[in-house]
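Chains as they are written, first to last, in the numbering used here: chain R, 3 to 117; chain W, 17 to 132.
Note that beta-carbon positions come from the ideal geometry of N, C-alpha and C, so glycine has one too.
What follows is a short report on a single structure.
This is the structure in structure tokens:
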């Protein structure tokens, strides 16, 4: 049963600390997306990659957020320094990146709380 | 302007009844895809159903069907024979363009409660 995995599932940290979230996309998927969910903004795209290359990171605060794909099996999202307003659930999703019927499959999310 | 509008913040339905969750969209792109996801209280996002803009027939997946009215730009989700486990948030999303690499834009969601 192929699934997107994310670690950690929950993270509580203090303001100013660095936070790293990890995602393992479904094997064979070549597109990876990072979404953030908050009560106020709902689900919004932060960044996405195709074949490990960043295609769009316009939704991400550039001064503190960074997203990378060191290899095809790992995507990371870092926040440095973290702020209370970054508290949210961060989802990773992956897809095959081809064909109009392609579906994005979501991981379980990382619930981040910044105190 | 909102690209995906879900006008029902909350909906209630009796177990075994059918329910329709509304979704309207806004795009000038002739090629697009529409998706519905379910988010139970545990938090994960579960893909339910997909409709392509060029699909002639409404999509169906088990108890889920999508009532696609292209001229009205609506893509309502119909859940037949509701079950208690259907209680969750439901999100409508759109992908503009084809190819699979484009991002999804989500609506605000509808909270469905199934009563016994």
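For the C-beta of residue 111 (chain R), the chain W residues within less than 9 Å are, from N- to C-terminus, 59, 60, 61. Each of W:73, W:129, W:123, W:78 was checked against the Cα of residue 41 (chain R), and the nearest Cα belongs to W:123. With contacts defined as CB atoms closer than 7 Å, residue 33 (chain R) and residue 111 (chain R) fail to qualify as a contacting pair. Inclusion of residue 41 (chain W) and residue 20 (chain W) in the CB contact set at 7 Å is warranted, their separation being smaller than that value. Interface flag for residue 92 (chain R) against chain W is unset, since no Cβ pair is found closer than 7 Å. Contact annotation for residue 108 (chain R) against chain W: 60, 61 [CB-CB distance below 7 Å, chain order]. Residue 71 (chain R) is positioned such that its CB atom lies no closer than 7 Å to that of residue 52 (chain R). For residue 124 (chain W), the closest Cβ of chain R is nearer than 7 Å. For residue 86 (chain R), the three-state secondary structure derived from DSSP is helix.
Residue 26 (chain W) counts as exposed, since fewer than 16 other C-beta atoms from the protein chains shown sit within 10 angstroms of its C-beta. Here DSSP, grouped into helix, strand and coil, assigns residue 68 (chain W) to strand. Per DSSP, residue 111 (chain W) is one residue of the beta strand (DSSP E) stretching across 104-112.
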